[in-house]
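Protein chains in written order, with our numbering: chain A, 9 to 136; chain B, 9 to 136.
For every residue, glycine included, the Cβ atom is placed at its ideal position computed from N, Cα and C.
2 protein chains.
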Amino acid sequence: MSSTTETRASVTVSDLARDSGVSASAVRFYEDSGLITAERTPGNQRRFTPGDACRIKVIRVAQRVGLSVHDIKTLLELLPETGEPTIEQWSALQKALVQETNKRVRELNLVLADLSSDTKLCALTPLT
Amino acid sequence: MSSTTETRASVTVSDLARDSGVSASAVRFYEDSGLITAERTPGNQRRFTPGDACRIKVIRVAQRVGLSVHDIKTLLELLPETGEPTIEQWSALQKALVQETNKRVRELNLVLADLSSDTKLCALTPLT
DNA sequence: GTTTGACTTCAACTTATGTTGAAGTTTTAG
DNA sequence: CTAAAACTTCAACATAAGTTGAAGTCAAAC
Chain A
9 MSSTTETRAS VTVSDLARDS GVSASAVRFY EDSGLITAER TPGNQRRFTP GDACRIKVIR
69 VAQRVGLSVH DIKTLLELLP ETGEPTIEQW SALQKALVQE TNKRVRELNL VLADLSSDTK
129 LCALTPLT
Chain B
9 MSSTTETRAS VTVSDLARDS GVSASAVRFY EDSGLITAER TPGNQRRFTP GDACRIKVIR
69 VAQRVGLSVH DIKTLLELLP ETGEPTIEQW SALQKALVQE TNKRVRELNL VLADLSSDTK
129 LCALTPLT
């Protein structure tokens with residue numbers, strides 16, 4: 009009854025880079041930053057799980073939202089440190105990302121409001 | 009018939025910093041970056057015009073939109089290099105800022121769309 | 001078993017947006 | 001005039017998010 013999908017470490021740095029759309033150096037950077045984790049071969053090479061590509065895709069979406077690596081690290085604590093996340097965990101993460109996105113949208117709407125109330129942009133020289 | 013408002017250089021770095029809400033070092037940085045210009049006293053000290061506080065306020069709004077100093081420099085080319093901008097010039101700038109803001113909002117809306125079409129966040133393991 | 005292509009670590013470099021501090025000069029108040 | 005406050009330039013530091021390259025090690029194919 010063991011799962012057929014091998015989730016154990018088998019993905020190399022460059023595999024993961026290819027699968028997730030970031031560079032190999034970024035993959036290493038994310039591991040150094042604690043956004044992803046890797047097992048090591050006896051020879052000390054990194055081995056990721058297939059699910060890590062998912063994790064990196066989440067990182068990329070979060071970056072589009074405007075979150076920093078530090079913020080993203082916090083967000084990813086919604087997922088388990090080990091093994092595949094449950095649907096519920098993914099949902100919680102998704103929800104958090106949606107909320108962050110809406111926050112940024114609200115900030116931009118404030119900017120639009122400020123831009124419209126002209127005098128806030130800058131007190132225009134009053135017409136004579 | 010000369011104007012009563014003295015627009016000629018009379019504002020020091022720290023005056024401008026106070027009036028615009030940024031630090032003195034930021035004021036110098038913006039001048040170095042070409043976002044604002046200053047005349048110099050015989051002793052080589054910077055002297056800004058009162059209108060420069062406006063310019064810096066625009067810079068700050070533009071930063072809230074997410075524009076870089078480089079982008080902002082381009083934007084500010086909508087204003088005259090010298091003297092007070094006309095209402096039309098301010099309007100053009102405001103319009104450009106609104107457009108940029110809307111662009112960012114659209115980008116965030118794309119993120120929201122991606123977040124909603126779950127499989128884009130990451131292909132969730134299909135429920136058995 | 002050896003070669004070739006990945007992989008490892010680590011330090012230095014990059015861009016952006018400033019801040020901080022040193023050493024020296026101007027301005028201003030008295 | 002002179003002393004204090006503010007100004008000048010310039011170089012170094014700070015943080016974010018990586019990239020690049022050197023020197024050495026590992027894995028895979030033949």
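Just checking: is the beta-carbon of residue i within a distance shorter than 8 angstroms of some beta-carbon in chain B?
i	result
Thr109 (chain A)	yes
Leu83 (chain A)	no
Gln102 (chain A)	yes
Asp142 (chain A)	No answer is possible for residue 142 (chain A): the residues shown for chain A start at 9 and end at 136.
Arg72 (chain A)	yes
Val35 (chain A)	no
Asp79 (chain A)	no
Arg55 (chain A)	no
Asp122 (chain A)	yes
Leu86 (chain A)	no
Leu43 (chain A)	no
Leu75 (chain A)	no
Note down, in chain order, each residue of its chain lying with its Cβ closer than 8 angstroms to the Cβ of residue i, except the 5 sequence neighbours on either side.
i	result
Gly29 (chain A)	Ile64, Lys65 and Arg68
Ala100 (chain B)	Leu86
Ser31 (chain B)	Ala25
Indicate the three-state DSSP secondary structure (helix, strand or coil) for residue i in the structure shown.
i	result
Val35 (chain B)	helix
Arg54 (chain A)	strand
Val19 (chain A)	strand
Lys89 (chain A)	Looking at the sequence shown, residue 89 (chain A) is not Lys but Glu. Of the three classes helix, strand and coil, the one that applies to Glu89 (chain A) here is coil, per DSSP.
Determine the extent of the alpha helix (DSSP H) in which residue i is found, giving its start and end residues.
i	result
Gln102 (chain B)	Ile95 to Ser124
Gly59 (chain B)	Gly59 to Val73
Ile80 (chain B)	Val77 to Leu83
I want to see whether chain A comes within less than 8 angstroms of residue i, judged by CB atoms only; does it?
i	result
Val113 (chain B)	yes
Gln119 (chain B)	Correcting the residue type first, residue 119 (chain B) is Val in the shown sequence and not Gln. Answer yes: the Cβ-Cβ gap between Val119 (chain B) and chain A drops below 8 angstroms somewhere.
Val19 (chain B)	no
Val30 (chain B)	no
Asp60 (chain B)	no
Leu24 (chain B)	no
Leu105 (chain B)	yes
Once the 5 residues before and after residue i are set aside, which same chain residues still bring their CB inside 6 angstroms of it?
i	result
Ser41 (chain A)	Val77
Glu108 (chain B)	Val73
Going along the chain, which residues of its own chain have a beta-carbon closer than 7 angstroms to the beta-carbon of residue i, five neighbours each way excluded?
i	result
Ala61 (chain B)	Leu24, Asp27 and Ser28
So, do the segment 86-99 of chain B and the segment 47-54 of chain B have three or more beta carbon pairs nearer to each other than 8 angstroms?
Touching, no, given that fewer than three Cβ pairs across the two stretches are closer than 8 angstroms.
Would you call the segment 114-126 of chain B and the segment 103-113 of chain A in contact, with 3 or more CB pairs under 8 angstroms?
They touch, by the three-pair rule.
contact_flag[the segment 33-47 of chain A, the segment 14-24 of chain A] where n(CB pairs < 8 angstroms) is 3 or more:
Contact check between the segment 33-47 of chain A and the segment 14-24 of chain A: three or more CB pairs, one atom from each, fall below 8 angstroms, which counts as touching.
Assess contact between the segment 29-43 of chain B and the segment 94-104 of chain A, defined as three or more Cβ pairs (one per stretch) separated by less than 8 angstroms. Is contact present?
no
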